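Under our numbering, the first residue of the sequence shown is numbered 363, with each subsequent residue one higher.
Ideal Cβ placement from N, Cα and C applies to all residues, glycine included.
Predicted model only: the values in this text are computed from it and were never measured.
Inspection log for the structure reproduced underneath, given as structure tokens.
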Amino acid sequence: MSFTIVEKILSKASGERSISPGDKVWAKVDLVAMRDFGGPNVILKYEKEFGNEPVFDPKKVAITFDLHIPPRQIKEAENQKICREFVRRQGVRLFDINNGIGQHTLLEHGLVKPYDVIIGTDSHMNLLGVAQAFSTGVGITDIVTAMRYGKLWYRVPETVKINIDGKLKEFVTPKDVILSLVGYFKADGLSYKAVE
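What follows is the structure, encoded as structure tokens:
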């Protein structure tokens, strides 16, 4: 039986030899990422649930500042302070102001590798699939669970294979192709699916 890339990644991370779309598996997490926007809520929930208990691996938790830089409101500055204090207490990685855009920063600093399982507080986490990683945005409770225990459950997604043949016409870019596909599948047409 052949597996899709996502099935291979989740099989390896879960230790399950055979998985199929729809199966639920517990998989090890290679990286938990937060941004200055969602990170403070995760941190407050983590400390409410676990107090000062350490995260599963400080090298596998990262916070990036890229949304509110510089902070324009007091609340934004307070949120960054919450993140910085958590970094000091837990020893997790911080990519502070002027390090770049969150997911790109993770790639540029080598935190994303092929076959990694990555979760984050941002809906654009799936772009890390460019590095042959399984990456997705999840809610606060899931982030908190993964930060403490280093694993999370997943439903193995169905994979949609897209073949594109031919040559692009002049002035047509890859972005045009993607926008065309988004128009075809609509906003929720690929929800909880992997695309290859």
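Per DSSP, Y477 lies in no alpha helix (DSSP H) segment and is marked neither H nor E. The beta-carbon distance between V394 and M509, rounded to whole angstroms, is 5 Å. This is short enough to meet the 8 Å contact definition.
A straight-line Cα-Cα distance of about 8 Å links T467 and T426.
Straight-line measurement puts the Cα of L541 at about 31 Å from the Cα of D385.
Rounded to whole angstroms, the Cβ separation of K421 and D392 is 10 Å, and the two are not in contact under 8 Å. Excluding its 5 nearest sequence neighbours in each direction, R455 has C-beta neighbours in its own chain below 6 Å: A424, listed in chain order. For G377, there is no enclosing alpha helix (DSSP H), as DSSP marks it with neither H nor E. Relative to F448, the option among G464, L469, I481, P402 whose CA is nearest is P402. Collapsing the DSSP output to three states places R434 in coil. L372 and Y516 do touch by the CB rule: their CB atoms are close to 6 Å apart, below 8 Å. The beta carbon of V368 sits closer than 7 Å to those of F496, P519, T521, A556, all from its chain and outside the five residues before and after it, given in chain order. DSSP, read as helix, strand or coil, puts T467 in helix. About 6 Å separates the beta carbon of L490 from that of Q465, a gap short enough to meet the 8 Å contact definition. Closest in alpha carbon position to F418, among P383, K513, D478, K374, is K513. The region 390-425 contains, as complete alpha helix (DSSP H) runs of 4+ residues, the segments 401-412 (chain order). Where Y516 is concerned, the enclosing beta strand (DSSP E) starts and stops at 513-517. A distance below 8 Å between beta-carbons, with the five flanking residues on each side excluded, links N488 to the following residues of its chain, in chain order: S497, T498, G499. Within the model, the alpha-carbon separation for D398 versus A549 is close to 26 Å. Shown here for S382: same chain residues with a beta carbon closer than 7 Å to its own, the five before and five after excluded, namely V518 in chain order.
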